[in-house]
Amino acid sequence: MSKKKAKEILTDFGTVLFLVLFPHFVPLPFYSYAIICFFVLVVVLKRSGRNLADIGLLKRGMTSKTIVVGIISALIWVAFMRWVFAPLISFFFTVPDYTEYDFIRNNISNLIITIVAAWVVGGFYEEVVFRGFIHSTFKKYSNSFWLSAFFTSVLFGVYHWQQGIFGVAAATLGGLYWSLVFKYSKENLWSTILSHSIFDTITLLLIYLGLFG
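Going by this note's numbering, the letters in the sequence shown line up with residues 1117 to 1329, in that order.
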């Protein structure tokens, strides 16, 4: 292996680890870690001769089909999590109360701020990082979409460890689901960005109303 290739591998997977771990180990206020991580991602892409379009953020990717796919896939995933995953987990395990978003319950101001953050960070940022950069990195070395999707989804689950073991499981399944949406939409990130953002929005509304969590 040449030094150039070794450096490329170290840069790629070092960036993956940075994107997954930095948000949890560097205490920055209210999602501001996303600004730093996004900047690092763009710099790494630029130095390798790529840009955001190369990992799925297409300039003309927001089409009517993209919007339809985003909305429908989000509704399907909300239904699955609400009426399949959550009941099954509750049936087989003793699930602790979900308190991470208690601050939005009956507080419309906090709800609105959190929904905006969900679109910017949960939807746009996380999809660019995971289904975009991390997935493309694994695919670069494995030449397999689904093997890449699997490893990306596992990391996506680990990334949500602050939500506990059931949150990790839900996020891992979500990662696999949005990988399927990504594949169906011909690796157009706008579909998964919309799907993820709408899912988060509906979930937050349900938490606000006391119907979820």
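Here a beta-carbon is modelled for each residue, glycine too, at the ideal position from N, C-alpha and C.
Note that this is a predicted model, so its numbers are computed, not measured.
No Cβ-Cβ contact shorter than 8 Å links A1265 with S1313. Out of I1323, T1182, N1167 and G1130, the CA that lies nearest to the CA of I1231 is found in I1323. For V1159, the number of other beta carbons within 10 angstroms of its own is below 16, and it is reported as exposed.
Residues M1197 and F1201 of the same chain have their beta carbon placed closer than 7 Å to that of A1286, with the five preceding and five following residues left out of the count.
Under the three-state reduction of DSSP output, P1139 falls in the helix class. Selection T1253, L1263, D1316 and L1133 evaluated against V1237 yields D1316 as nearest (Cα-Cα).
The three-state secondary structure of M1178, taken from DSSP, is coil. Exposure of F1141 is indicated by the presence of fewer than 16 other C-beta atoms within 10 angstroms of its C-beta. Per DSSP, the unbroken alpha helix (DSSP H) holding R1163 starts and ends at Y1149 to R1163. If you draw a straight line from the Cα of I1205 to the Cα of W1199, it comes to about 11 Å. Rounded to whole angstroms, G1239 and K1255 show a C-alpha spacing of 22 Å. Straight across, the Cα-Cα distance linking S1258 with P1203 is about 36 Å. Annotation for G1248: no alpha helix (DSSP H) segment contains it, and DSSP assigns it neither H nor E.
By the C-beta density criterion, N1304 is buried, having at least 16 other C-beta atoms within 10 angstroms.
Taking C-beta separations shorter than 6 Å and ignoring five residues to either side along the sequence, the partners of F1272 in its chain run F1246, A1287 and G1291, following chain order. Taking C-alpha positions only, I1192 is separated from V1284 by approximately 20 Å.
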